[in-house]
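In my numbering, the protein residues as written are 51 to 158.
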């Protein structure tokens with residue numbers, strides 16, 4: 051389970067970081083190589099996610115969506131200095147419960 055969590059976090063940071071670099075390039079006038087770096091990070095995200103040991107692509111990506119939401123809130127707090135409010139935390143908790151159900155529910 052630790053391996054899966056680490057992969058979700060690393061993939062999430064690659065996706066959010068890549069998107070953020072492209073955002074800075076296109077929206078805030080950063081140099082072109084910021085956008086290229088963002089594109090590389092986004093491609094790495096796609097590769098990193100394939101190392102998950104869960105057998106179903108759809109379930110992995112559905113679960114990753116919940117993790118992405120939580121990481122996005124933390125990114126906004128740490129990088130953009132936007133403090134999450136109570137509803138952000140409630141929503142993040144709901145997402146993590148959903149991720150747990152998707153990945154760990156007993157199935158035949």
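We put the CB at the ideal spot given by N, CA and C, even for glycine. Here the structure is a predicted model, which means the values were calculated and not measured.
**Request:** Rounded to whole angstroms, what's the CA-CA distance from residue 179 to residue 132? Just pull it up for me.
**Result:** Nothing in the structure corresponds to residue 179, since the chain is present only between 51 and 158.
**Message:** On the criterion of 16 or more Cβ atoms from any shown chain inside 10 Å, does residue 86 qualify as buried, or is it exposed?
**Reply:** Classification of residue 86: exposed, given that the 10 Å Cβ count is below 16.
**Asked** Which ranges does the alpha helix (DSSP H) cover as unbroken runs of at least 4 residues, wholly within the region 104 to 154, from first to last along the chain?
**Response** List check, alpha helix (DSSP H) in window: 107 to 128, 136 to 154.
**Prompt:** Which one of 127, 139, 88 has the shortest CA to CA distance from residue 75?
**Reply:** Nearest option by C-alpha distance: 88.
**Prompt:** Of the residues 129, 115, 64, 79, which one's Cα is nearest the Cα of residue 144?
**Reply:** For the residues 129, 115, 64, 79, the minimum Cα distance to residue 144 belongs to 115.
**Message:** Is the beta carbon of residue 153 closer than 8 angstroms to that of residue 99?
**Reply:** Cβ atoms of residue 99 and residue 153: not closer than 8 angstroms.
**Request:** Determine, using beta carbons only, whether residue 104 and residue 110 come nearer to each other than 8 angstroms.
**Result:** Yes.
**Message:** Quick check on residue 82: does DSSP put it in helix, strand or coil?
**Reply:** Helix, per DSSP.
**Message:** Counting C-beta neighbours from all protein chains within 10 Å, is the total for residue 61 16 or more, i.e. buried, or is it exposed?
**Reply:** Classification for residue 61: buried.
**Message:** Using beta carbons (cut-off 8 angstroms, strictly below), is residue 76 in contact with chain C?
**Reply:** This model lacks chain C altogether; it includes just one protein chain.
**Prompt:** Based on Cα-Cα distance, which residue from 67, 59, 51, 53 lies nearest to residue 129?
**Reply:** When C-alpha distances from residue 129 are compared across 67, 59, 51, 53, the shortest belongs to 67.
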